[in-house]
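Participant:
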Amino acid sequence: MSMINGIAASNGIAIAKAYHLAVPDLSFEKTTVANVEEEISRLDAALNISKQELEKIRENARVSLGDEHAEIFSAHLLVLADPELVNPIKDNIRNNKLNAEAALDETATMFIDMFRSMDNEYMKERAADIQDVTKRVMAHLLQVSFPDPALIDEEVIIIAEDLTPSDTAQLNKQFVKGFTTDIGGRTSHSAIMARSLEIPAVVGTKSITSSAAKDSMIIVDGIEGTVIIDPTEDELASYKAKQEAFEQQKQEWAKLKDEPTITTDNVHVELVANIGTPEDVTGVLNNGGEGVGLYRTEFLYMGKSELPSEDEQFESYKAVLEQMGDKPVVVRTLDIGGDKELSYLQLPKELNPFLGFRAIRLCLERDDIFRVQLRALLRASVYGNLKIMFPMIATLEEFRQAKAILLEEKDKLTADGVSVSESIEIGIMVEIPSTAVAAKQFAKEVDFFSVGTNDLIQYTMAADRMNERVSYLYQPYHPAILNLVHNVIEAAHAEGKWAGMCGEMAGDEIAIPLLLGLGLDEFSMSATSILPARTQITKLSKADMQELSQEALTLSTADDVEQLVRQRTGQ
């Protein structure tokens, strides 16, 4: 037996024999060719076959995973059609008389290295996209079979250096019980898809492919982030018991699906979900979500070749509102730019994209884009309980300008005889320290706050959360963060407004008692986290958690806070 530690990417315990998803031998000989047009024809044929396969995978992903994940393959198809990639390959063949394999490899490697050298996760994922797509094209040039996980017909745990989005989209839950990889993180495409599929996964093990032999018995513990290779009989029995306990726990959680979230001293807490597409609403309702606390609208804009139309957006917003009925739906206006690029907007590159021209900053300058989205939202507002939230607000002037544009579009629609709800709440994300500090001033003008902790923490600690070398500074329990959150909640309540949270922290079992004690009104998290959070909160007393949180605010370090929570709650 040996144990390897990794990153817990998707909850649950999986036990099965190993299945190595090996990349085929894509080695080739670099040669010069006499007939360059013949090589270009070979390249075009490989591109066309790859395109057909990706279209099929995209359709499969749409059926099994929903539109959001299927859009990844739209992005892959755009890579295949991108003249900035394809033309240099053809130029390389023509100018240097290279065979197609060598020209593809040289050009793709140049782009992959360029994206990987960039210091943000989004651009690094673009490198992964190019690598994923060009491997497929190379396989067709070499006429070798490319991995096809869809053909697996027995219970296995997939082991791979990395699992590409196209690999993950082909996984059949009936046979693939879990997976584990050498590289990857919790925000990688494969990790996100694993959670959607509810397949246990551990990523970032660094050495699983070299440690596990073919047909080894494997245990993937997606709760603790460990992988056990060739377990002993005792270990096997122990993990089977843990697996059974986890499944029983899920059944217990499910009993609370239609129950309100009430503390032991009878205080109601609202648990809602973060979503990216209308298809995600099913998961929200199946997991007992009381609303949508964050609808990330940028997915409507990504993986496309042009901006979505007003009607296209209207249909998406309407679909979410109609499915949620009278339950609240908080829609975040476009949060794009900076690290989240839209190639068709051709925004300038920035040295510090997280601190750059993004979100509301982009929308206020490009109000032609902003107004289209606001009109679509306003038209959809009559189909449910809509709340609109502006991201990355740093100053009151930004909020006032954004609200003024919203009200202008509302007046225009009303003048044109279009029905618009009169009860839309207008709020902001609090993700910049200046906004959290000045919450008292903002609270007089907004209808609500939603704390975006993923960015608030990295801005407060001055540490890129995607940078492994400074990841130790991503500290949700740090007293500085708790004091900022406390300030926001107090300011909201002083003006009779409500405060929610839509970052990862809202679903964190250590943070939940603290946030409850600080008076947070709404917790927004991934849909699958709602029932565990509800179970936890129904066992807590708000009065006790108030005492706990007040003490936590006075402590010195994040470790001190975590230790305090564990001692007081027995977690």
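When you line the sequence shown up against our numbering, it's residues 313 to 883, in that order. Quick reminder that beta carbons are idealized off the backbone N, C-alpha and C, glycines included. Given the structure is predicted, the values throughout are model-derived calculations rather than measurements.
I'd like the span of the alpha helix (DSSP H) that includes M844, first residue to last.
Facilitator: Reading off the sequence, residue 844 comes out as Pro, not Met. Run containing P844: I842 to I849, per the alpha helix (DSSP H) assignment.
Participant: Nearest to Y786 by alpha carbon, out of R880, S550, M817 and H452?
Facilitator: When only C-alpha atoms are compared, the closest one is M817.
Participant: For the structure I just gave you, are there three or more beta carbon pairs, one from the stretch 603-622 and one from the stretch 633-651, closer than 8 angstroms?
Facilitator: Yes, since at least three Cβ pairs between the stretch 603-622 and the stretch 633-651 fall closer than 8 angstroms, the two stretches touch.
Participant: For a minimum of 4 consecutive residues, which ranges assigned as the alpha helix (DSSP H) are wholly contained in the stretch 326-376?
Facilitator: DSSP runs (the alpha helix (DSSP H)) wholly in the stretch 326-376: none.
Participant: Can you say whether M426 is buried or exposed, counting buried as having 16 or more other CB atoms within 10 angstroms of its CB?
Facilitator: M426 comes out exposed.
Participant: Are I822 and L852 closer than 9 angstroms when you measure CB to CB?
Facilitator: The answer is no: Cβ separation not under 9 angstroms.
Participant: Can you tell me whether M422 is buried or exposed? The criterion is at least 16 other CB atoms within 10 Å of its CB, across all chains shown.
Facilitator: The residue is exposed, with fewer than 16 neighbouring Cβ atoms inside 10 Å.
Participant: With respect to the beta strand (DSSP E) encompassing T492, which residues constitute its N-terminal and C-terminal limits?
Facilitator: Counting along the chain, the beta strand (DSSP E) containing T492 begins and ends at V488 to T493.
Participant: Would you give the residue range spanned by the alpha helix (DSSP H) that H790 belongs to?
Facilitator: Careful: H790 lies outside any alpha helix (DSSP H) and carries neither H nor E.
Participant: Using 9 angstroms as the threshold, is the C-beta distance between G497 and A775 below it?
Facilitator: Result no, Cβ atoms of G497 and A775 do not sit closer than 9 angstroms.
Participant: In this structure, how does DSSP classify S783 when only helix, strand and coil are distinguished?
Facilitator: In this structure, S783 counts as helix in the three-state DSSP scheme.
Participant: Nearest CA to the CA of N347: which residue from S838, F340, K402 and D337?
Facilitator: Considering only alpha carbons, the answer is K402.
Participant: For Y607, report the span of its beta strand (DSSP E) as first-last.
Facilitator: It spans V604 to R608 - the beta strand (DSSP E) in which Y607 sits, taken as one unbroken run.
Participant: Spell out a yes or no on whether the stretch 702-721 and the stretch 670-679 are touching, meaning 3 or more CB-CB pairs, one atom from each, closer than 8 angstroms.
Facilitator: Taking 8 angstroms as the limit for Cβ pairs, the verdict is that the stretch 670-679 does touch the stretch 702-721.
Participant: Please identify the residue among L768, G829, I531 and A415 whose C-alpha is closest to the C-alpha of S861.
Facilitator: The shortest Cα separation from S861 among L768, G829, I531 and A415 belongs to G829.
Participant: Within this structure, are the beta carbons of E834 and G819 separated by less than 9 angstroms?
Facilitator: Cβ distance not < 9 angstroms, so E834 and G819 don't count as in contact.
Participant: Can you tell me the Cβ-Cβ gap for S523 and S314, rounded? I've got them flagged as a contact below 8 angstroms.
Facilitator: That belief holds up - the Cβ atoms of S523 and S314 are roughly 6 angstroms apart, short of 8 angstroms.
Participant: Is V593 near V604, with beta carbons less than 9 angstroms apart?
Facilitator: Yes, Cβ-Cβ distance for V593 and V604 is below 9 angstroms.
Participant: Look at the alpha carbon of I700 and the alpha carbon of I736, and state the distance between them as a whole number of angstroms.
Facilitator: Roughly 7 angstroms separates the two Cα atoms.
Participant: Is there contact between the stretch 796-816 and the stretch 759-767, where contact requires at least three CB pairs shorter than 8 angstroms?
Facilitator: Yes: the two stretches touch, three or more of their Cβ pairs being nearer than 8 angstroms.
Participant: State yes or no: is the beta carbon of E720 nearer than 9 angstroms to at least one beta carbon in chain B?
Facilitator: Absent here is chain B; the protein component of the structure consists of one chain.
Participant: Going by DSSP, what residues sit across from I587 in a beta bridge?
Facilitator: According to DSSP, I587 bridges with Y607.
Participant: May I have the straight-line CA-CA distance separating E473 from L826, to the nearest angstrom?
Facilitator: If you take the alpha carbons of E473 and L826, they lie about 38 angstroms apart.
Participant: For P640, write down the residues that DSSP places opposite it in a beta bridge.
Facilitator: DSSP, once it has assigned bridges, lists N697 as partnering P640.
Participant: Which same chain residues end up closer than 7 angstroms to E467 when comparing Cβ atoms and leaving out the 5 residues on each side of it in sequence?
Facilitator: Excluding residues within five positions, the ones whose Cβ falls inside 7 angstroms are A328, F487 and K489.
Participant: For the putative contact between L689 and A748, defined by C-beta atoms under 8 angstroms, what is the C-beta separation to the nearest angstrom?
Facilitator: Actually they do not touch by this definition, with Cβ atoms about 26 angstroms apart.
Participant: With a threshold of 8 angstroms, are at least 3 pairs of Cβ atoms found where one atom belongs to the stretch 440-448 and the other to the stretch 380-393?
Facilitator: The answer is yes - the stretch 380-393 touches the stretch 440-448, with three or more Cβ pairs under 8 angstroms.
Participant: Take T493 as the anchor and find which of S457, I530, D465 and N484 has the nearest alpha-carbon.
Facilitator: With distances taken between Cα atoms, T493 lies closest to I530.
Participant: Would you say G831 and H805 are within 9 angstroms of each other, going by their C-beta atoms?
Facilitator: Yes. Within cutoff.
Participant: Would P703 and A671 qualify as a contact pair, given that the criterion is a beta-carbon distance under 9 angstroms?
Facilitator: Cβ distance < 9 angstroms, so P703 and A671 count as in contact.
Participant: Answer with buried or exposed for E709, where buried requires no fewer than 16 other C-beta atoms within 10 angstroms of its C-beta.
Facilitator: When all chains shown are included, E709 counts as exposed.
Participant: Three or more C-beta pairs closer than 8 angstroms, one from the stretch 631-645 and one from the stretch 873-883: is that the case here?
Facilitator: Taking 8 angstroms as the limit for Cβ pairs, the verdict is that the stretch 873-883 does not touch the stretch 631-645.
Participant: Just to confirm, are E622 and V684 a CB contact at a threshold of 9 angstroms?
Facilitator: It is a contact, given that the beta carbons lie within the stated cut-off.
Participant: Would you identify the three-state DSSP class for D871, choosing helix, strand or coil?
Facilitator: Three-state result, D871: helix.
Participant: If L454 and L338 are in contact, beta carbons under 8 angstroms, what's the gap, nearest whole angstrom?
Facilitator: With a Cβ gap of about 6 angstroms, L454 and L338 count as contacting.
Participant: In the DSSP assignment, what residue or residues form a beta bridge with E472?
Facilitator: The amino acid at residue 472 is misidentified as Glu; the sequence shows Ala. DSSP, once it has assigned bridges, lists T493 as partnering A472.
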